[in-house]
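Asker: Residue numbers (numbering that gives the first Met the number 0): 0 to 314. Below: one structure in structure tokens.
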Amino acid sequence: MINRAPLKIFAGTAHHEFGLEVCRILQTELGHCTIKRFQDGETYVKYEESVRGADCYIIQPTSPPTDTNLMQLLILLDALRRASAARITPVIPYFGYARQEKKELPREPITAKLVADLIHAAGAQRIITMDLHADAIQGFFNMPVDHLTAEKLFAEHFAELADRDIVFVSVDEGRVKKVRKVAGRLNAPIAVGYKHRDGHDNSEVTHLAGDVRGKIPIIVEDIITTGGSVNQCVDTLLAHGALPEVRVAATHAVLMPQAKERLSRPEIANIVVTNTLPLTPDQTIDKMSVLSVAPLFAEAIYRAHHDLSISSLFD
């Protein structure tokens, strides 16, 4: 008989509702944990139940405020390690700092690698995350990484357009592989934008490769923060004769204030994002659909707990 460690799931304050949704799917209770901040801003954590010998999962996207949520995650991990948990897995639907995965200029850090090292040092033994900005970030971790993707969800969402003349669009060459996978599920062509970045938050799509004339373009992104890249890409698509019925899909909707105005332009017919990080009413617009990835994360947790294959989730 297998003496399996008990399953314990906890959630930080970054996206508590997501933790509750995952637990509802798994038909288990969210673990009890006190998290508070002292008057000087320091974070305090205390698990209110035994975790000794347990298989523990902490759900905490490192979304804005990124530094606060990251530090809370590290403290949660450290507390589990010191309380003798058998296995410790952070579940990070949105992995902040992922866009700082390489040096663009001299004397810059590689912050994504630093964050990976911090998570490992705090006690993590594996990680479950989704649609990292760069696949190579998986190699920053000295532990197993279960890298989930929303590709199948996006393909299912746009399946109703499969009988129309559609083209999937990558806003830059770095996303081509991911976009091709989504397009392949619907046997659709792709087009690729080429982006010049001027500063950290400013970019311009300078030209486009692929035929978009008379087609409905579907832009697939990993992260939308300011909406600048999407906005520039829409301009380029329209200049190349695409229909003014643009669709946009993004896994992580960070959505700074300026994104709402940019995404509200009439040429964008629909936007679909996921719930990897919480969205406030001020961030959403009427034509935005939010797909839940909680079932995917719940299944990944179940399979990890029972030592089953997770790769089959991507079939």
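Backbone N, C-alpha and C fix where the C-beta goes; we use that ideal spot for every residue, glycine too. From a predicted model like this one, the values you see are computed outputs, not experimental measurements.
Pairs of beta-carbons, one from the stretch 124-133 and one from the stretch 161-171, closer than 8 Å: are there three or more?
Answerer: As far as the Cβ criterion goes, the stretch 124-133 does not touch the stretch 161-171, which means the pair count is below three.
Asker: Is M0 helix, strand or coil by DSSP?
Answerer: Below a pLDDT of 50, predicted positions are generally treated as unreliable, and M0, at 40, falls in that range; the measurement from the model is reported next regardless. The answer is coil: DSSP assigns M0 none of H, G, I, E or B.
Asker: Which runs of the beta strand (DSSP E) at least 3 residues long sit entirely within the stretch 15-62? Give them in chain order.
Answerer: Runs found: 32-36, 42-46, 54-58.
Asker: Can you check whether the CB of V271 is closer than 8 Å to the CB of L295?
Answerer: Result no, Cβ atoms of L295 and V271 do not sit closer than 8 Å.
Asker: Tell me the rounded alpha-carbon separation between T12 and Q59.
Answerer: In a straight line, the C-alpha of T12 is about 7 Å away from that of Q59.
Asker: In whole angstroms, what separates the C-alpha of H206 from that of A154?
Answerer: Roughly 26 Å separates the two Cα atoms.
Asker: Under the DSSP definition of a beta bridge, which residues are partnered with E220?
Answerer: E220 is bridged to A249.
Asker: Alpha carbon to alpha carbon, how far is Q26 from A82?
Answerer: Roughly 25 Å separates the two Cα atoms.
Asker: For I165, write down the residues that DSSP places opposite it in a beta bridge.
Answerer: Answer is I215, bridged to I165.
Asker: So, helix, strand or coil for N322, using DSSP?
Answerer: Since the displayed the chain opens at 0 and closes at 314, residue 322 lies outside it and no answer follows.
Asker: Is V247 closer than 8 Å to I267 when the C-beta atoms are compared?
Answerer: Taking 8 Å as the Cβ cut-off, I267 and V247 qualify as a contacting pair.
Asker: On the criterion of 16 or more Cβ atoms from any shown chain inside 10 Å, does M142 qualify as buried, or is it exposed?
Answerer: Burial call: exposed.
Asker: At the level of alpha carbons, what is the spacing between Y56 and D306?
Answerer: Looking at the two C-alpha atoms, the distance is approximately 14 Å.
Asker: Less than 8 Å separating the beta-carbons of C32 and F9?
Answerer: Taking 8 Å as the Cβ cut-off, C32 and F9 qualify as a contacting pair.
Asker: Assuming L236 and P216 form a contact by the criterion Cβ under 8 Å, report the distance between their Cβ atoms to the nearest whole angstrom.
Answerer: Their Cβ separation, rounded to whole angstroms, is 5 Å, which keeps L236 and P216 in contact under 8 Å.
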